[in-house]
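One structure is given below, encoded as C-alpha cells.
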Amino acid sequence: YNQKLQGFTGLRADLEVKVQVNAQKFQQGRLHLQYIPYADYLKNKVELINGSLAGRISSPGIDIDICGGSTPESRIAEAVFRVPYVSPHTYFNLINGDGKYGIFYLFVYSPLLTGDGGTDNCEITVWSRFVDPKVVFPTGATIGSAVPKKVAEVQIRGEAKQVAKEGVVSSTLGTVAEVLKIGQKLPVVGEYLAIPEWICDKGASLAKLFGWSKPTLAMDVKLRTNNCMSNYNGKDSSHKMALSADNEIDSPPNIAGTKVDELAISSIVTIPTYWQTFSWKSTDQTQDQILWIDKVAAARFNKIDGTTNGYATTPMGYLANVFAQWRGSINYTFKLVKTGFHSGRLRVFFVPQGVASTLKVGSAPTIEIEKNYQVVVDIAESDTFTFNVPFVATKPWLSTYGQSAFTGYIVVTVLNELRAPPVVSNKINIIVEVAGGSDFSFSMPCEPWNLTGTPTPSPPSGPGRVAEVQIAGTNVDLNDDQKRSLVDPDSISTINPVANWSPESHCIGEKIMSIRQLIKRANWIGTATMLPSSNTDQQYAVLNPFANASNQINTQVDYLSYFSNLFAFFRGGVRIKINANLLYANGNLNNSTPDGEWFTPVNSNPCLNIKMLNAITLDYINVAGNIKKLNNIVGKVGFANADVYNSSTLNAAMVNSSSTTVVNQGVEGMVEVEIPYYNSTHLTPSNVPGIDDPLVDVDHQLTSEDTYPLPILLVGSNPLPRSLKIASTREHYASVYKTEALVCNFYRAASDDYSYHYFIGVPTMITRPPVGSDYYKPTN
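Next up, the structure:
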C-alpha cells in the first residue's frame with residue numbers, strides 16, 4: 005500500500021481480514037481468529053487476556069471449522085472479519101506510525117485430526133484490505149515505519165474458541181415498557197443518553213438504570229459529608245477542579261464502533277466464551293456412558309495448569325465475582341469438531357439439584373434419566389448445537405459461591421455410539437462455551453472474591469508441556485457485536501427465559517442493569533502519611549486519579565479498576581473523596597522524634613489544599629519524576645526548602661496558577677473533588693500498570709504517540725511546623741503536643757460522564773491473598 009498512500013499524512017479506514025483454509029474433507033479441526041485493538045499500547049492487559057483460552061475466546065473474534073459438518077451451511081471454506089476504525093487518533097499517522105490499529109491472532113482452537121494415512125497439515129491463506137478508506141493532509145514527507153511488516157510467530161498454546169452471533173441492535177430504547185423487557189434485547193447507547201446535564205437538565209429514569217444517574221451539584225448547599233457515597237444515584241457534592249462548574253463531556257453513540265451499551269450487564273454476560281473441552285471416541289460404547297458433566301452456576305473458574313493460583317473465567321463469571329447473588333438461565337453451546345463422515349447421537353439432560361456421586365464420567369448414571377429435561381442430538385445433522393438451561397430454584401436468588409450456588413448438573417451421555425470410517429479420526433473433540441441468558445441478573449454487589457493478576461508458575465516437575473503452533477497476525481482492528489446472543493436458543497425444558505423484575509422488587513429493592521451503576525460507588529484506593537522531617541521539608545500526597553489499581557500484589561481493588569480490565573479504552577472524569585486527619589504527639593518534646601503517645605485531637609481536621617496539574621509543564625515533570633510510589637494510584641512527594649514561616653519559599657507546584665481548591669474539613673467534613681477528563685483525545689488506552697512502573701509515566705507522555713496528559717492531584721495541608729523549642733530542666737518537663745503527620749485516606753468513584761469502551765476480553769484471575777484468622781479479632 006505504500007505507493008498508494010504516499011503523499012498523505014493520515015489514513016482512516018475499516019479493515020477487512022479474510023482467512024481461507026485449504027483442507028481435505030477427511031480432516032477435522034478448528035481455528036480461531038482473535039483481535040485485540042490498540043494492543044501495542046496495552047501490553048500488560050494483553051498478557052492477562054492471552055493467559056487463558058477462555059480469555060482469548062472472550063475477545064472479539066471468529067471461529068473457522070476447517071472441515072465443517074454435514075450441512076452445506078456449516079462448511080466454511082473461508083471466514084471474513086471486518087473491523088471498524090476505533091482509536092484515540094482520528095487518523096492513523098502514516099509518517100511516524102502513531103495510532104496502530106491492533107493485533108490479530110490466528111491460533112488452533114481444536115487440534116487437526118485425520119484418519120489412517122491422512123495428511124497431518126493444511127494450508128492457510130490470509131488476506132486483508134482497507135474498506136472505505138479516507139486519506140487526509142497532503143505532505144511531501146516520506147512514509148516511514150508506519151505500515152507494519154508481516155509477522156509470523158510461534159507460541160505455545162492449546163486449543164481455542166469463539167462463536168459468531170447475529171448483528172448489532174439498532175433500535176433505540178425509549179419507553180419504560182421496553183425497559184421491562186430489556187432482557188430480550190441489548191441496550192443501545194442512543195442520543196437520549198448523549199446529552200450532558202449542562203446542555204439539558206431533564207433527567208430520564210431510563211438513563212438512570214444504566215448508570216447516568218449521579219450528576220454533580222456545583223451550587224449545592226452541603227449539609228452532610230459525602231452525600232450518596234455508596235449509591236449509584238442521588239446527587240454528588242464534589243468540588244469541580246475544572247474551569248467550568250458544570251464541566252462534563254458528552255456520550256456520543258458509536259464512539260467505539262458499536263451502538264450497543266457495552267457497560268450493560270446484558271451486553272457482557274451474553275458473550276459466549278470457552279469453558280471446557282471433552283472427547284467422544286468410537287470405543288465409548290457403554291449405554292448412556294457419561295462423557296461430561298457440569299454444575300449450572302454463574303461463578304465459573306477453571307484452574308490454569310502450571311500455576312499455583314491462576315484461574316480462567318468467562319464474562320459471566322467475571323461479573324459474578326463481584327456479586328453475592330445471581331439468578332437467570334444459562335446458554336450452553338457445544339461445538340463438535342468432526343467431518344461429514346462421523347455419525348452418532350448424544351443425549352444431553354439437566355438434573356436439577358443433582359448429586360455428583362450419581363453422575364460419574366465414564367460410567368452410566370445411577371438415576372432415572374427419563375425423569376429429567378433432555379434433548380437428543382444427531383451429530384449428522386449439525387456440528388453445533390445450543391440450548392438454554394432455565395433457572396430452577398426453590399427461592400428467588402442463589403448465592404454466587406458456596407454449596408447453594410448452583411441449580412443442578414448438565415450431563416452429556418452416549419445414546420448411539422460414534423461411527424467413523426478408517427479414513428477419518430476415531431474420535432471427535434467437543435468444545436463447550438457458556439453465556440448468560442437474556443433473563444440473567446445479579447444482586448448485592450460485594451468485594452471481589454478473586455483478583456485479576458499474573459498467576460504464579462508452579463515449581464517445575466517432570467517433562468514440560470508440548471508446544472503447539474500458533475500463527476500471530478499483524479496490525480488490525482475489530483468489533484464484538486456479532487458475539488453476543490441477541491436471542492436465546494431453545495430451552496432444554498419447557499421453561500423459557502422471561503425478564504422478571506419481581507425478585508428485585510420483593511427481595512432486594514433495586515435493579516442492577518449496568519456496571520456504570522457500580523463504578524459510581526466510591527471505594528478505598530489507598531492511604532498516604534505525610535511525615536515531614538523538618539520545618540523546611542514538606543510532603544504532599546500525589547494521586548494519578550485515572551490509574552488502574554489491578555496487579556498481583558494488591559489484596560483488593562476498587563470497582564473502577566476491576567471493570568477497566570475488560571475494556572481497551574475509557575473516557576470521562578473521576579471523583580476523589582479524602583478523609584484527612586492530623587496526628588499529634590504528646591509527651592516530652594525535644595528536637596528529636598518525641599516519646600509518648602500519638603493521638604488525634606477533636607479539632608484535628610485540617611484545611612486541605614488540592615492542586616490539579618493538567619499540563620506537562622516543568623512543575624508536572626518535576627513532581628512526576630520524584631514520586632515515592634505507594635501503590636498504582638497513590639504516592640507522595642517532598643518539597644525541600646519550603647519554609648513554613650516564609651511563604652516566598654513555598655513549593656512552586658502549589659502556588660502556580662493551575663486549578664486549586666482549598667477545603668476546610670472542619671466545615672465540610674470529608675473533602676470531595678471531581679477531576680475532569682482533560683485530554684488530547686476522545687479515548688484513552690486503559691492499560692494495567694506493572695508493579696515497577698512509575699505512578700506517572702511522564703517519559704511516555706512526552707512522546708507524540710502517548711500524549712495523554714491526564715490531570716494528577718497534589719493533596720496536602722498548610723505547612724506543618726514540627727520542631728518546637730521547649731525550655732526544660734531536669735526537674736520540669738513541658739507536656740504539650742505538636743503536629744507530627746498528616747494522614748489521608750482516599751476513595752474513588754466515576755463521574756457521571758465516565759465510560760469504558762471496546763470490550764477486549766476477560767483477564768486471568770488469581771486467588772485473593774488470605775488474611776489471617778486473627779486479623780479481625782479484637783485485642784481487648
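For any residue, its number in the working numbering is found by taking its place in the sequence shown, counting from 1, and adding 4.
All C-beta atoms, glycine included, are put in the ideal place defined by N, C-alpha and C.
Treat the numbers as computed from the prediction; the structure is a model and nothing was measured.
Q.
For E832, report the span of its beta strand (DSSP E) as first-last.
A. No answer is possible for residue 832: the residues shown for the chain start at 5 and end at 784.
Q: Just the C-alpha distance for Y544 and N668, rounded to the nearest angstrom, thanks.
A: 17 Å
Q: Buried or exposed for T262, please, with buried defined as at least 16 other CB atoms from any protein chain shown within 10 angstroms of its CB.
A: buried
Q: Figure out for me which residue from K285, Q289, G11, V700 has the closest Cα to the Cα of K431.
A: K285
Q: Thinking L116 and Q31 are a contact (beta carbons under 8 Å), I'd like their distance in whole angstroms, please.
A: 6 Å
Q: Specify the secondary structure class of F550 as computed by DSSP and reduced to three states.
A: coil
Q: Drop a sphere of 10 angstroms on the beta-carbon of V380, count the other beta-carbons inside from all chains shown, and report buried for 16 or more, exposed for fewer.
A: exposed
Q) By the 10 Å Cβ neighbour count, where 16 or more other Cβ atoms means buried, how is E735 classified, buried or exposed? A) With a pLDDT of only 48 at E735, under the threshold of 50, the placement of this residue in the model should not be trusted; the figure read from the coordinates follows. Exposed: under 16 other Cβ atoms inside 10 Å.
Q. Leaving out the 5 sequence neighbours to the left and right, which residues in its chain are closer than 6 Å to G55 when beta-carbon positions are compared?
A. T768
Q. For the putative contact between R752 and R579, defined by C-beta atoms under 8 Å, what is the C-beta separation to the nearest angstrom?
A. 7 Å
Q) Between the C-alpha atoms of G310 and E514, what's the straight-line distance to the nearest angstrom? A) 42 Å
Q | Backbone CA spacing between P449 and R525 [nearest angstrom] | A | 10 Å
(Q) Rounded to the nearest angstrom, what separates Q7 and V140 at their Cα positions? (A) 15 Å
Q: State yes or no: is the C-beta of V719 within less than 9 Å of the C-beta of I614?
A: yes
(Q) With a threshold of 8 Å, are at least 3 pairs of Cβ atoms found where one atom belongs to the region 386-395 and the other to the region 335-342? (A) yes
**Q.** The beta strand (DSSP E) enclosing Y39, as first and last residue numbers
**A.** 32-41
Q: Starting from the N-terminal side, write out each stretch of the beta strand (DSSP E) that is 3 residues or longer and does not extend beyond the region 333-378.
A: 334-341, 347-356
Q) How is G14 classed by DSSP in three states: helix, strand or coil? A) strand
**Q.** As assigned by DSSP and simplified to three states, the class of R575
**A.** strand
Q) From N237, L35, A246, pick the residue whose C-alpha is nearest to that of V662; which is it? A) According to the sequence displayed, residue 662 carries Ser and not Val. When only C-alpha atoms are compared, the closest one is A246.
(Q) Pop quiz: L37 and A572 are said to be a contact at Cβ under 8 Å. What is the actual Cβ separation, rounded to whole angstroms? (A) That pair is no contact at about 17 Å.
Q. In whole angstroms, what separates the C-alpha of I475 from that of S565?
A. Because I475 carries a pLDDT of 27, less than 50, the predicted location of this residue cannot be relied on, and the following value inherits that uncertainty. Going by the C-alpha atoms only, they are around 32 Å apart.
Q: Look at F353 and P425 and say whether their C-beta atoms are less than 9 Å apart.
A: no
Q) The alpha helix (DSSP H) with S271 in it runs from where to where? A) 269-273
Q.
For A156, count the other beta carbons within 10 Å of its own beta carbon; 16 or more makes it buried, fewer makes it exposed. Which is it?
A. Only weak support is given to the placement of A156: the predicted model assigns it a pLDDT of 42, under 50, and the value that follows is read from those uncertain coordinates. The residue in question, A156, is exposed, as its Cβ has fewer than 16 Cβ neighbours within 10 Å.
(Q) If I follow the unbroken alpha helix (DSSP H) through K49, where does it start and stop? (A) 47-53
(Q) Once DSSP output is grouped into helix, strand and coil, what is the label at L98? (A) coil
Q | Helix, strand or coil at D69 according to DSSP, with G and I counted as helix | A | strand
Q: Evaluate T13 with the Cβ neighbour count: other Cβ atoms within 10 Å of its Cβ, from every protein chain shown; 16 or more gives buried, anything less gives exposed.
A: buried
Q. For I614, which of helix, strand or coil comes out of DSSP?
A. strand
(Q) Quick check on L622: buried or exposed, where buried means 16 or more other Cβ atoms within 10 Å of its Cβ? (A) exposed
Q. DSSP three-state call for N251: helix, strand or coil?
A. coil
Q: Look at V365 and W296 and say whether their C-beta atoms are less than 9 Å apart.
A: yes
(Q) Let's test the definition: count the other Cβ atoms within 10 Å of the Cβ of R133 and tell me whether it reaches 16, buried, or not, exposed. (A) exposed
(Q) Taking the alpha-carbon of L15 as reference, which of Y42, Y405, K104 has the nearest alpha-carbon? (A) K104
Q) Just how far apart, CA to CA, sit Q291 and F410? A) 28 Å
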